[in-house]
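**Student:**
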Amino acid sequence: MLDANISLPGTTGEDASPFPVLIIPGYGAPLYQTGWVGKQVQSRCLDTISVKLPWLGVGDMKRSAEIVAEQVESVKGRYGFEKVNLLGFSLGGLIARYYLQEFDGHRSMARAAFLAPPLAGAYMGYLGFFTPAGRQVRPGSSFLRDLEDSRKREWGSERCLSIYVRWDGVIVPSESAHLPAGYNLRLARPISHWGVVLSRGLIHRATDFLKGSLPDGVEPGRELKARGAPRVYALTPQPPAGRHWISWSAIFSPFKALAGKVKALTRKAR
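The numbering of the sequence shown is our numbering, which starts it at 4 and goes up by one.
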């Protein structure tokens, strides 16, 4: 582990640990899940505040980002903090990015960490077409195009860490979670999407980053590396202890059963 006061690009080297952590939930995440993530962060001696999004985060992400902005200003005004840390899991990472970029939230951010974030969209959004957030997260959506074409290009990504895996079954393509101008922890072996989001080990790594250190395995993105950011360590060869593996049989069994029923009905129809 590196020194807790390491100076990341774009920072003054101050210790980020005194700042509270706002936890931004993902798509359809129940309140107890956000609370559980908060407890893991608190176990690393950081204060947390859970952001409550309407409709469990499946509504318009622009409105969700606005709520994050309101919450940040409320925390700063009520408790006297100059900045806050952000921890967004799953879709919460994209909501956090929108806030940082379109609401100039990077000015109020010390550091941010994302767990399996669809920063450039995910094809699973097509399954959520009946919700605003589902339509917005689809690759090539007007929401994502506007975000990429926005004049507000600065969002402090050099103070952000994205933790993701090569294949988690949800964030497809996986490179959607990559931060070209930030820091990345890319796990080589497959873990389920919820295995990333609910991994104590990965939450602790994210929290260590928020406290100012660069956990083992973190790499600067290509744009950040081009600016002279040091190579930290080689990529982590395997997931951390306590990992949750994908149960492929659990994923494909329902589809096999459905296919069997369709075949049976087809035979009867003949």
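Ideal Cβ placement from N, Cα and C applies to all residues, glycine included.
Quantities reported herein were computed from a predicted structural model and do not represent experimental measurements.
#1: Take the Cβ of Phe22 as the centre, count every other Cβ of all protein chains shown within 10 Å, and call the residue buried at 16 or more, exposed below.
#2: Taking the alpha-carbon of Gly220 as reference, which of Glu226, Arg208 and Ala229 has the nearest alpha-carbon?
#3: So for Arg246, helix, strand or coil by DSSP?
#4: Which runs of the alpha helix (DSSP H) spanning at least 4 residues fall entirely within the stretch 19 to 98, listed in chain order?
#5: In the structure shown, what three-state DSSP assignment does Leu205 receive?
#6: Nearest by alpha-carbon distance to Asn187: which of Gly91, Ala116 and Gly83 is it?
#7: The beta strand (DSSP E) with Leu118 in it runs from where to where?
#8: Just to confirm my understanding: we take Leu59, look at its own chain, exclude 5 residues before and 5 after, and list those with CB closer than 6 angstroms. What are they?
#9: If we count Cβ pairs, one from each stretch, closer than 8 angstroms, do we get three or more for the stretch 76 to 93 versus the stretch 108 to 122?
#10: Whose C-beta lies closer than 6 angstroms to the C-beta of Val140 among residues of the same chain, with five residues either side of it excluded?
#11: To the nearest angstrom, report how far apart Arg138 and Lys79 are at their CA atoms.
#12: Could you check how far apart the C-beta atoms of Gly185 and Leu213 are, in whole angstroms? I think they sit under 8 angstroms.
#13: Find out if the Cβ-Cβ distance for the pair Leu190, Gly224 is shorter than 8 angstroms.
#14: Whose C-beta lies closer than 7 angstroms to the C-beta of Leu94 among residues of the same chain, with five residues either side of it excluded?
#15: If you draw a straight line from the alpha carbon of Ile206 to that of Val199, how long is it in whole angstroms?
#16: Can you name the start and end residues of the beta strand (DSSP E) that Leu122 belongs to?
**Tutor:** With the given structure in hand:
#1: buried
#2: Arg208
#3: Because the pLDDT at Arg246 is just 36, under 50, the model does not fix this residue reliably, and the value given afterwards should be weighed accordingly. Of the three classes helix, strand and coil, the one that applies to Arg246 here is coil, per DSSP.
#4: 34 to 45 and 64 to 82
#5: helix
#6: Ala116
#7: Met112 to Leu118
#8: Gly31
#9: yes
#10: Pro121, Gly124, Ala125 and Gly128
#11: 32 angstroms
#12: Going by Cβ atoms, the distance from Gly185 to Leu213 rounds to 13 angstroms, so no, they are not a contact pair.
#13: no
#14: Gly29, Tyr30, Gly60, Pro121, Ala136 and Val140
#15: 8 angstroms
#16: From DSSP, Leu122 is part of no beta strand (DSSP E); its letter is neither H nor E.
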